[in-house]
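Residue numbers for the sequence shown follow this note's numbering, so the first one is 1 and each next one is one higher.
Glycine residues also receive a C-beta, built at the ideal position from the N, C-alpha and C atoms.
Please read these numbers as outputs of a predicted model, since none were measured by experiment.
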Amino acid sequence: MDKITPDINNDLSQNVRHERGSFPVQVLWDDAKTCQSSDYPYHWHYEMEISVVERGSVIYAINGKCYSVWERQAIFVKPNALHSTIHSDEYISRILLISPHVFGDHEEYISRYIKKLIRLAPDAVVLDGSASWHEEACALIENAFWLCHERPEAYELDALISLFRILKLFVRELCGNQEETARNPRNASHTKILKQMITFVQEHYGDDIDISDISRAGGVSRSSCNKIYQEFLGESPIEYLTKFRIYASMELLRKNMTVTEAALSCGFNTLAYYSKIFKKVTGRTPLEFRKNG
């Protein structure tokens with residue numbers, strides 16, 4: 001399995017190299033240990049990108065909007081979208097880079113669906129279970145990933161079946177019959193401010209911090225801080241901080257730290273509150289998670 005290494009041109013296009021004559025789908029494994037920093041620089045590519053977060057969390061900044069992707073969630077990024085990422089320290093994800101060429105270069109009846117996806121689909125969609133079709137999409141993605149990674153005999157044929165079903169599902173659910181509409185440009189300075197505040201949270205989540213500290217890290221007022229988080233992430237700064245603390249504690253529990261130690265290390269003052277929030281976010285108690293991973 002390939003590791004992700006930046007290979008970006010002056011126009012910010014990323015070189016995604018498929019072996020000559022190979023099946024044009026790359027399987028990548030991305031984790032915090034392979035990156036020199038928590039940032040992956042802005043880039044774009046013709047391939048559609050699907051990332052499944054195994055551990056930790058990642059923020060995708062895409063064409064001026066940010067998407068928060070947590071453990072056991074996935075994100076679809078459409079072709080040609082300018083994007084970068086900020087990930088947590090324990091971050092691990094599996095990524096599929098799918099060249100539209102895999103569906104055929106000359107078949108007009110196929111290419112029109114690719115063009116429709118590029119023209120009408122949103123820049124990205126987080127597959128978090130909030131829509132009924134997300135489960136089907138994730139199952140198809142899992143199957144395609146396994147086939148392209150393990151490469152059993154005639155894997156290309158089986159993988160194509162899953163990839164065509166993914167394409168059909170995305171076109172149906174993300175494009176529909178809508179007409180292309182102009183998108184309001186996001187404030188680029190807000191994206192930079194958000195990254196500063198997220199970085200602060202990721203570096204100080206174990207400390208006693210609140211919205212005043214977070215807003216100060218971005219050089220904005222408390223109200224602006226809350227507005228930026230709601231605009232880009234759809235949640236408040238404290239909601240993001242709390243989730244990040246939970247996911248950080250999960251990594252400590254995996255290392256056999258006690259529940260109390262994990263709670264205190266990640267900024268929770270009481271075990272009862274930590275356990276309540278942990279179950280709300282993960283569906284399991286900290287002790288259940290510690291025993292079963």
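8 Å Cβ cutoff met for residue i and residue j
i      : j      : result
Asn80  : Trp44  : yes
Lys116 : Val171 : yes
Val77  : Ile62  : yes
Ser236 : Leu252 : no
Arg94  : Glu54  : yes
Val126 : Ile198 : no
Residue i (DSSP reduced to helix, strand or coil)
i      : result
Val125 : strand
Asn184 : Here Asn184 scores only 43 on pLDDT, less than 50, and its place in the model should not be relied on; the value that follows carries that caveat. Asn184 falls in the coil class under three-state DSSP.
Pro41  : strand
Phe76  : strand
Ala262 : helix
Trp146 : helix
Ser99  : coil
Ser88  : coil
Val58  : strand
Asp31  : strand
Met250 : helix
Glu179 : The predicted model places Glu179 with a pLDDT of 47, which falls under 50 and marks its position as unreliable; any figure quoted below should be read in that light. Looking at Glu179 - three-state DSSP - the assignment turns out to be coil, as it is neither helix nor strand.
Glu153 : coil
Expected contact under 8 Å - CB spacing of residue i and residue j to nearest Å
i      : j      : result
Leu169 : Asp158 : Between Asp158 and Leu169 the Cβ distance is about 17 Å, and since that is not below 8 Å, they are no contact.
Leu82  : Tyr46  : In fact, because the Cβ distance is near 13 Å, the residues do not count as touching under 8 Å.
Ser57  : Ser88  : 5 Å
Ile59  : Ile86  : 5 Å
Tyr67  : Ala131 : That pair is no contact at about 15 Å.
Leu96  : Val25  : 6 Å
Status (buried if at least 16 other CB within 10 Å, exposed otherwise) for residue i
i      : result
Ile161 : exposed
Gly283 : exposed
Gly218 : buried
Pro286 : buried
Glu90  : buried
Ser215 : buried
Glu150 : exposed
Tyr240 : buried
Pro100 : buried
contact_flag[the segment 158-167, the segment 132-143] where n(CB pairs < 8 Å) is 3 or more: yes
Three or more C-beta pairs below 8 Å linking the segment 190-200 and the segment 214-229: yes
Three-pair Cβ contact test at 8 Å for the segment 233-249 versus the segment 270-280: yes
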